[in-house]
Amino acid sequence: MTKFLLVAFLMLLAGGTKSSEAAPPKWVGVASNSAFQPDLQVAYAKMRLTSLAGFTVVRQIIPWSPGQPWPSPQDVQSIRNSVAAAELSGIRMILSVSPYGRAPIGPGQRRQYRTFLSTLAHSLQGGTTDKTGLTLVHGVKDFVIGNEVNSPSFWRPQKDAAKNYVTVLAQAYDELKAISADIRVYGGGLASRGSVEYIKEMGKAFRESGRTKPLMDVLSYHPYGVNSSESPEALHEGAYVGFADYKKLVAALEEAFNRTAQAGSRLPIAYMEYGVDSIIPPHKRSLYHSAEPPSTKAVSEATQALFYRQALELAACQPTVIGTSFFHTSDESDLSAWQSGSFYADATPKSSLPAFRQAVVDAQSGAIANCG
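Quick note: to get our numbering, add 105 to the position in the sequence shown (first position is 1).
Structure below.
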């Protein structure tokens, strides 16, 4: 008995018990288009603000509309500026190429979307130099196909949406992998409401298609709460999936894709958008306009920082989650939109920034949680 106690004590000192396992390091980023600028210096200044918050990844949305077979030269230059600014700041860029409202339905529109995507991806590969002499070192290797494709706000029509999206995603996957096998294709960008059934419908469409190659390398997911006052630790019934409902999300992926060419329960998941609106203090109110919708239920800056840390703690111990991205570096000035940044609309820091930045650092080092 004495020998057993001694061994147990030594294991405890060495951190050998399961309850003391440190969380694996995971990236923490921000969803922001602030560095999408025609001027490289302005793009770099915006990206430096992102770096101050501790983020190592930026997700930027590039909109596409039917009838648009390629990005404009001006947009390509602004995108390249933001990517170069990210590289200078030690930040990795993820691009979401998203239909703006109307989805690419039918062979003609899908061809336009693929051409747009391919043109953009080719222009952003490492080693490419543009007419201004700007050379990208690493370029962009991460592309999200669509944004909240299970929401009518971003993908219309919703009738047969999952089936149509699977077709678009499969074609985009093949197009991007033909450019570089190193490109990572993210599928979904799914909104938290209705995501379970949508994933299952994607699986059904994938099986019926007879495809023998994957659709995606990573699932992009947006685990927003019902409103800003809801903790990420809240569990939900039904098809709503937040941070704490991770097992429900993995179960849906398992049912949809296990035993196919597409990874299911083991598919990496990136939490690509999450935000909590904070109440704007009186001395900053002049920076904003419009009115906060009552349904938002904005919280104090201290609660915002707490919820952001809780989100990272949960993600840290979810085995297939690879990273978390928060919505906005700086607030939008329109109160009917999002005030979820760690900086006010004038780019000055909120009181929540120090605590939030520490949570970001802890998550990226693996110190944020013990996953027993």
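Every residue, glycine too, gets a C-beta built ideally from N, C-alpha and C.
- About 20 Å separates the beta carbons of H394 and S137, which is beyond the 8 Å limit, so they are not a contact pair.
- Per DSSP, H327 is one residue of the beta strand (DSSP E) stretching across 323 to 327.
- Contact check for G159 against R462 passes: the beta carbons are separated by less than 9 Å.
- Per DSSP, the beta bridge partners of I199 are R164, D247.
- Closest option to S256, judged by alpha-carbon separation, among I304, V242, A410, E360: I304.
- For F431, the uninterrupted beta strand (DSSP E) segment begins and ends at 426 to 432.
- Distance check between G231 and each of T224, S223, G244 places G244 closest, using alpha-carbon atoms only.
- In the DSSP annotation of this structure, the continuous segment of the beta strand (DSSP E) that includes L295 starts and ends at 289 to 296.
- Comparing alpha-carbon positions, the option among F248, Q444, R316, Q179 lying closest to M377 turns out to be F248.
- In this structure the stretch 404 to 411 does not touch the stretch 311 to 319; the number of beta carbon pairs closer than 8 Å is below three.
- The beta carbon of G251 lies closer than 6 Å to those of S203, G294 in the same chain, with the five residues before and after it left out.
- Q469 is the residue among A403, K455, Q469 whose C-alpha sits nearest the C-alpha of S430.
- Considered as a whole, the stretch 356 to 389 harbours 374 to 376 as its complete beta strand (DSSP E) runs of no fewer than 3 residues, in chain order.
- The closest CA to that of Q276, considering only P262, G292, Q263, K264, is found on G292.
- Cβ neighbours of K389 within its own chain (closer than 7 Å, five residues either side excluded): Y449.
- Taken through DSSP and simplified to helix, strand or coil, T408 comes out as helix.
- Using a Cβ distance threshold of 9 Å, P129 and Q182 do not count as a contacting pair.
- Nearest C-alpha to P171 among E192, L222, Q146: L222.
- V466: member of the alpha helix (DSSP H) spanning 458 to 470, first to last residue.
- In this structure G343 is exposed. Its beta-carbon is surrounded by fewer than 16 other beta-carbon atoms within 10 angstroms.
- As a beta-bridge residue in DSSP terms, W260 pairs with G206.
- If you look at A136, you'll find it in the beta strand (DSSP E) that goes 132 to 136.
- According to the DSSP assignment, Q217 belongs to the alpha helix (DSSP H) that extends over 212 to 228.
- Per the DSSP secondary-structure output, F448 pairs in a beta bridge with S435, P454.
- Spatial neighbours of Y270 in its own chain (CB-CB distance under 6 Å, excluding positions within 5 residues in sequence) are listed in chain order as V254.
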